[in-house]
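So the sequence shown is numbered by the working numbering: it starts at 4 and just counts up by one.
Where a beta carbon is used, it is the ideal one built from N, C-alpha and C, also for glycine.
Just so it is clear, the structure is predicted and the values come from calculations on it, not from any experiment.
One structure is given below, encoded as structure tokens.
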Amino acid sequence: MTDEAGPKFVMISTFRRRTADGFMLAAFVIDERECESPAEMKSIRNEALTEIQRRRIVGEFETRRAKADELPSTLPRWAEYKRQLEAADQESS
């Protein structure tokens, strides 16, 4: 049974990396609406965090509640950002 009384909320995690000049720049987003479950979102976030730590990328996750009908972010998703990191690795090899 669904509760139709109030607005529906989802969780959105944004990773902001620190640039060389000290600014925080939004790099990618993980949107619960694009996951099969909250557990899948947590799994993706953990994978991203592990890879970011392995690469020693300085930054932070900000996780917030958003209304389910909020427009999706135009930032890349984790899978796309990870491909960008891997492509940069190939170019520097």
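- Check the Cα spacing between residue 81 and each of 23, 53, 21, 71: the tightest is with 53.
- By the neighbour-count criterion, in which a residue is buried when 16 or more other Cβ atoms sit within 10 angstroms of its Cβ, residue 26 is exposed.
- Listed as beta-bridge partners of residue 27 by DSSP are 21.
- By alpha-carbon distance to residue 14, the top candidate from 22, 65, 23 is 65.
- One alpha carbon belongs to residue 11, the other to residue 34, and they sit about 14 Å apart.
- Residue 66: member of the beta strand (DSSP E) spanning 62 to 70, first to last residue.
- With a beta-carbon spacing of about 24 Å, residue 36 and residue 28 fall beyond the 8 Å limit used to define contacts.
- About 6 Å separates the CB atoms of residue 30 and residue 84; that is less than 8 Å, so the two are in contact.
- In terms of Cβ geometry, residue 88 and residue 59 do not form a close pair [threshold 8 Å].
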